[in-house]
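Residue numbers (my numbering): 125 to 370.
Glycine is no exception: its CB is placed at the ideal position from the N, C-alpha and C atoms.
One structure below.
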Amino acid sequence: MIDRARELVEKSVRPVVFTGAGMSRESGMRTFRGEDGLWKDFDPEKLSSIRGLVEDPGTVWEWYRMRFMKTEGVKPHRGYIALTALQSRKGSLPVVTQNVDGLHRESGQRDVLEIHGSMRSASCIRKCGFTRELDRELVQSLPPLCPECGAVLRPDIVLFGEPLPHELISRAYSLAEECDLMIVVGTSVQVWPAAGVPFTAIENGAYIIEINPDPSELSGSDRVISIRGKAGEVLPLLMEKLQENL
Ligand code: OAD
125 MIDRARELVE KSVRPVVFTG AGMSRESGMR TFRGEDGLWK DFDPEKLSSI
175 RGLVEDPGTV WEWYRMRFMK TEGVKPHRGY IALTALQSRK GSLPVVTQNV
225 DGLHRESGQR DVLEIHGSMR SASCIRKCGF TRELDRELVQ SLPPLCPECG
275 AVLRPDIVLF GEPLPHELIS RAYSLAEECD LMIVVGTSVQ VWPAAGVPFT
325 AIENGAYIIE INPDPSELSG SDRVISIRGK AGEVLPLLME KLQENL
């Protein structure tokens, strides 16, 4: 299986990476679904929706303070480093991610499309133009208010009930239409429209390498090579013995 995957990586001329929460699991981040998923213990409608933020900003910000504290000091694992190496060897390897933890950028990757936004900054909910880093100081007194217009600030994450940033999601779909290989890591492919990205790649004739300990709706298609394993183990293995002339 891994040999077939390596062969696909070697041959591909327009590869793309697509990741979800499982990509960061071995860096210590929890996933959303499954046994130890965040949405088992917490209600996304209350804590991570635009309605929740408007009705009860204090509670929503308590949740984001907790999530911020969990991401502080988190470092990219070996799988991230392997992807960074693959990107520099391939020249072009756009990374479409549903993750908001910033680890793709932190591991030195370029052309990263954070289609669900980023935990690294916050901005004015009224869109007055104010924006700042989401850091320890910001989450000291909650909810944080805009120093320019007094409205509540929001984390720059796509909340439930909001559309995805138009430019990013349309570029992600274009990449899916044009790529010949998509390396899909650590996603349950259940949240749309993000989940449509790998399905669009298949419809347009691309191969998929799926890296995930568990099956998903992608698994089983004859264009999908499913490698059952963890991102931090499989990605470095995939990079081993790749031909020098990639
Ligand atoms: P999920 O929590 O739905 O799925 C995580 C996937 O990672 C599962 O398929 C696991 O089997 C897999 N997994 C677990 N550990 C892994 C490991 N070490 N290596 C590789 N895979 C592993 O997360 P997403 O698919 O990312 O949205 O969820 C999509 C969206 O739902 C998130 O972006 C978030 C959430 O609500 C927003 O916040 C807008």
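- prompt: Looking only at its own chain, which residues have a Cβ that is under 7 Å from the Cβ of residue 175, when we skip the five neighbours before and after it?
  reply: Take residue 175, set aside five residues on each side of it, and the residues of its chain with a beta-carbon closer than 7 Å to its own are 285, in chain order.
message: For residue 81, count the other beta carbons within 10 Å of its own beta carbon; 16 or more makes it buried, fewer makes it exposed. Which is it?
response: Absent from the structure is residue 81, since the part of the chain shown begins at 125 and ends at 370.
query: Hey, is residue 296 close to ligand 1, as in C-beta under 7 Å from one of its heavy atoms?
result: No, the beta carbon of residue 296 sits no closer than 7 Å to any heavy atom of ligand 1.
task: Check whether the region 323 to 341 touches the region 284 to 302, counting contact only when three or more Cβ pairs, one atom from each stretch, lie closer than 8 Å.
output: Contact check between the region 323 to 341 and the region 284 to 302: three or more CB pairs, one atom from each, fall below 8 Å, which counts as touching.
field: residue 265 versus 363, 154, 181, residue with shortest Cα-Cα distance
entry: Here the closest residue by C-alpha is 181.
task: Could you tell me whether the region 156 to 174 touches the region 200 to 214, using the rule of 3 or more Cβ pairs below 8 Å?
output: No: fewer than three Cβ pairs fall under 8 Å.
message: On a Cα-Cα basis, can you pick out the residue from 346, 318, 312, 321 that is closest to residue 335?
response: The option with the nearest alpha carbon to residue 335 is 312.
field: Rounded distance between the beta-carbons of residue 237 and residue 292, thought under 8 Å
entry: Sure, about 5 Å apart at Cβ, within 8 Å.
message: Quick check on residue 148: does DSSP put it in helix, strand or coil?
response: Helix.
- request: Put residue 357 into one of helix, strand or coil per three-state DSSP.
  value: Helix at residue 357.
- prompt: Around the C-beta of residue 346, are 16 or more other C-beta atoms found within 10 angstroms, so that it is buried, or is it exposed?
  reply: Residue 346 comes out exposed.
Length of the line joining the Cα atoms of residue 366 and residue 130: The C-alpha of residue 130 is placed about 7 Å away from the C-alpha of residue 366.
- prompt: residue 322 and residue 308: beta carbons closer than 8 Å?
  reply: In this structure, residue 308 lies closer than 8 Å to residue 322 by Cβ.
- prompt: Using a Cβ-Cβ cut-off of 7 Å (strictly less than) and excluding sequence neighbours within five positions of residue 343, which residues of its own chain qualify?
  reply: Closer than 7 Å at the Cβ level, and outside the excluded window around residue 343, lie 334, 350.
message: On the CB-based measure, 16 or more other CB atoms within 10 Å of its CB, does residue 225 come out buried or exposed?
response: Buried, by the Cβ-count rule.
message: So, with DSSP's three-state summary, where would you put residue 158?
response: Residue 158: coil per DSSP, three-state reduction.
field: Terminal residues of the alpha helix (DSSP H) in which residue 205 lies
entry: In the DSSP annotation of this structure, the continuous segment of the alpha helix (DSSP H) that includes residue 205 starts and ends at 202 to 214.
- request: Rank 332, 233, 288 by C-alpha distance to the C-alpha of residue 315 and give the top, closest one.
  value: When each option's Cα is compared against that of residue 315, the closest is 288.
query: Within 10 angstroms of its Cβ, does residue 260 collect 16 or more other Cβ (buried), or is it exposed?
result: By the 10 Å Cβ count, residue 260 comes out exposed.
message: Restricting to runs no shorter than 4 residues, where is the alpha helix (DSSP H) found entirely within the region 207 to 286?
response: Within the region 207 to 286, the complete alpha helix (DSSP H) segments of 4 residues or longer fall at 227 to 230, listed in chain order.
message: Below 7 Å, is the gap between the Cβ of residue 172 and the nearest heavy atom of ligand 1?
response: It does: the Cβ of residue 172 is within 7 Å (strictly closer) of some heavy atom of ligand 1.
query: In the DSSP assignment, what are the bridge partners of residue 393?
result: Outside the displayed span of the chain (125 to 370) sits residue 393, for which this structure offers no information.
- request: Reducing DSSP to helix, strand and coil, say where residue 348 ends up.
  value: Residue state, collapsed to three classes: strand.
Three-state class that DSSP yields for residue 173 in the structure shown: Residue 173: strand per DSSP, three-state reduction.
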